[in-house]
Amino acid sequence: MKIAFIGLGNMGLPMAQNLSRAGFAVSGFDLSAAQMDALAAVGGERAVSAAAAVTGADAVVTMLPASRHVEATYLGAGGVLDCAAPGTLFIDCSTIAPEAARKVAVAAAARGFAMLDAPVSGGTGGAQAGTLTFMVGGAAGALDRARPLLEKMGRNIFHAGDSGAGQTVKVCNNMLLGILMSGTAEALRLGMANGMDPKVLSEIMAKSSGRNWVLEVYNPCPGVMDSAPSSRGYAGGFGVDLMLKDLGLAVENSLSVGASVPMGALARNLYDLHSKAGNGGLDFGSIFNLLGAHANA
Ligand code: NAD
Numbered sequence: 007m008k009i010a011f012i013g014l015g016n017m018g019l020p021m022a023q024n025l026s027r028a029g030f031a032v033s034g035f036d037l038s039a040a041q042m043d044a045l046a047a048v049g050g051e052r053a054v055s056a057a058a059a060v061t062g063a064d065a066v067v068t069m070l071p072a073s074r075h076v077e078a079t080y081l082g083a084g085g086v087l088d089c090a091a092p093g094t095l096f097i098d099c100s101t102i103a104p105e106a107a108r109k110v111a112v113a114a115a116a117r118g119f120a121m122l123d124a125p126v127s128g129g130t131g132g133a134q135a136g137t138l139t140f141m142v143g144g145a146a147g148a149l150d151r152a153r154p155l156l157e158k159m160g161r162n163i164f165h166a167g168d169s170g171a172g173q174t175v176k177v178c179n180n181m182l183l184g185i186l187m188s189g190t191a192e193a194l195r196l197g198m199a200n201g202m203d204p205k206v207l208s209e210i211m212a213k214s215s216g217r218n219w220v221l222e223v224y225n226p227c228p229g230v231m232d233s234a235p236s237s238r239g240y241a242g243g244f245g246v247d248l249m250l251k252d253l254g255l256a257v258e259n260s261l262s263v264g265a266s267v268p269m270g271a272l273a274r275n276l277y278d279l280h281s282k283a284g285n286g287g288l289d290f291g292s293i294f295n296l297l298g299a300h301a302n303a
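Just so you know, the sequence shown maps onto residues 7 to 303 in the numbering used here.
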């Protein structure tokens, strides 16, 4: 089975490498030659263009930065829809607007192609280890065809519903994560301003009704949890700018479907300020620093 993989960045490269190591013939394309070299190093093939990668492929996987890149790659003149052979399966793993995912899937269906939106959770570590979680939107039959590929890149594969449903779940989950991180950092700062030891405070809240994933495995206060990015200068982990992107998708989506997301909008504004202060590349737990900027203690 031949797979075209377009977008070999921090996530796409290790995902494509896992497919190649699993024995699939992977033809990769990225704007960066170095990324294609890294795929070739594990047996993949370098394509000269997205069109060349797609020609003769049984499935196309895309892992691109944002909606506009996905729309251009599939819908643009000479793009994936123009070059793919009949019957090719499309799997977009990028995190994009649910509306954009539906638009591309509808255009693909009009040309007879099945398409899945399959955004992921698990970060670069999950991509390398092949333990990603896939949130999939699209037809059940298309997901059945995609499973042999997805299983080589991830551990949990959820069928969320029709086209766009995978992106909807991703947007909801990451909005909640942004809110939980900001709220947890705020609670820790309040306790610390009262003279509390953040470790003691965290241990008690993690066993009380305020417990959440951030308190359990990703504490934003330096020194509380050795394994969290906060304890290594907020290096690695999940970047502020990626969280800001996902919160932006949530707010935009809320406007288009008429939902109210006051907490998500507040979290987006906090991350926006934090990014503009020069922290876009730090782990998103560094919002803890923004919230401590005016503390008296
Ligand atoms: P990245 O910027 O590292 O990689 C994107 C790659 O796409 C780059 O290598 C770029 O050269 C390439 N690219 C851009 N336009 C292209 C085009 N027209 N044709 C071919 N290649 C093109 O980003 P990433 O961290 O790999 O993220 C990819 C997607 O996954 C994003 O939508 C992101 O939101 C999502 N995501 C990222 C993470 C994470 O932790 N990094 C986690 C979950 C989801």
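Just so you know, even glycine gets a beta-carbon here, dropped at the ideal spot from N, CA and C. Predicted model, so just to flag it, every value in this text is computed and none were measured.
Using the C-alpha atoms, what's the distance from residue j back to residue i?
| i | j | result |
| --- | --- | --- |
| Asn285 | Ala72 | 21 angstroms |
| Pro20 | Asp88 | 27 angstroms |
| Leu45 | Gly34 | 7 angstroms |
| Ala22 | Ala113 | 25 angstroms |
| Asn316 | Pro268 | A question about residue 316 goes unanswered here, because the residues of the chain that appear run from 7 up to 303. |
| Pro321 | Ala265 | For the chain, the structure presents residues 7 to 303; residue 321 sits outside this window and is missing. |
| Arg274 | Gly62 | 42 angstroms |
| Tyr224 | Ala191 | 11 angstroms |
| Ser292 | Met7 | 43 angstroms |
| Leu81 | Val110 | 7 angstroms |
| Thr139 | Ala283 | 32 angstroms |
| Met198 | Ser237 | 17 angstroms |
| Leu149 | Leu122 | 7 angstroms |
| Ala152 | Gly229 | 42 angstroms |
| Ser233 | Thr79 | 38 angstroms |
| Ala235 | Gly245 | According to the sequence as given, residue 235 is Pro; it is not Ala. Near 10 angstroms, if we compare the C-alpha coordinates of Gly245 and Pro235. |
Using beta-carbon positions only, say whether residue i and residue j come within less than 8 angstroms of one another.
| i | j | result |
| --- | --- | --- |
| Val48 | Arg27 | yes |
| Thr130 | Asn24 | no |
| Gly50 | Val32 | yes |
| Asp64 | Ile9 | yes |
| Tyr240 | Asp289 | yes |
| Gln173 | Ile102 | yes |
| Gly144 | Asp168 | yes |
| Met231 | Gly184 | no |
| Ser262 | Glu77 | no |
| Asp247 | Ser281 | yes |
Is it buried or exposed, residue i, if we count other Cβ atoms within 10 angstroms and call 16 or more buried?
| i | result |
| --- | --- |
| Lys205 | exposed |
| Ala303 | Because Ala303 carries a pLDDT of 43, less than 50, the predicted location of this residue cannot be relied on, and no value is offered for it. |
| Met159 | buried |
| Leu196 | exposed |
| Pro154 | exposed |
| Leu37 | exposed |
| Gly29 | exposed |
| Val126 | buried |
Taking the alpha carbon of residue i as the point to measure from, which residue in the options has its own alpha carbon closest?
| i | options | result |
| --- | --- | --- |
| Met181 | Ser215, Leu138, Lys251 and Val112 | Lys251 |
| Phe294 | Glu209, Gly264, Met187 and Arg238 | Met187 |
| Ala83 | Asn225, Ala56 and Phe96 | Ala56 |
| Lys6 | Ser215, Ala256 and Lys109 | The requested residue 6 does not occur in the structure, where the chain is confined to residues 7 to 303. |
| Ile210 | Ala199, Leu194 and Asn200 | Leu194 |
| Ala120 | Leu207, Val142, Val54 and Asp43 | Val142 |
| Asn259 | Arg52, Gly170 and Arg151 | Gly170 |
| Ala115 | Gly229, Leu221 and Thr94 | Thr94 |
| Gly270 | Asn179, Phe244, Gly245 and Leu221 | Asn179 |
| Val60 | Val54, Met69 and Val86 | Val86 |
| Ala166 | Cys227, Ala39 and Ala124 | Ala124 |
| Ala58 | Ala90, Gly243, Gly18 and Leu296 | Ala90 |
| Leu297 | Gly287, Cys227, Leu253 and Gly242 | Cys227 |
Given the structure, does residue i come close to ligand 2, in the sense that its CB is under 7 angstroms from one of the ligand's heavy atoms?
| i | result |
| --- | --- |
| Met69 | In terms of ligand content, the structure shown lacks ligand 2 and carries ligand 1 instead. |
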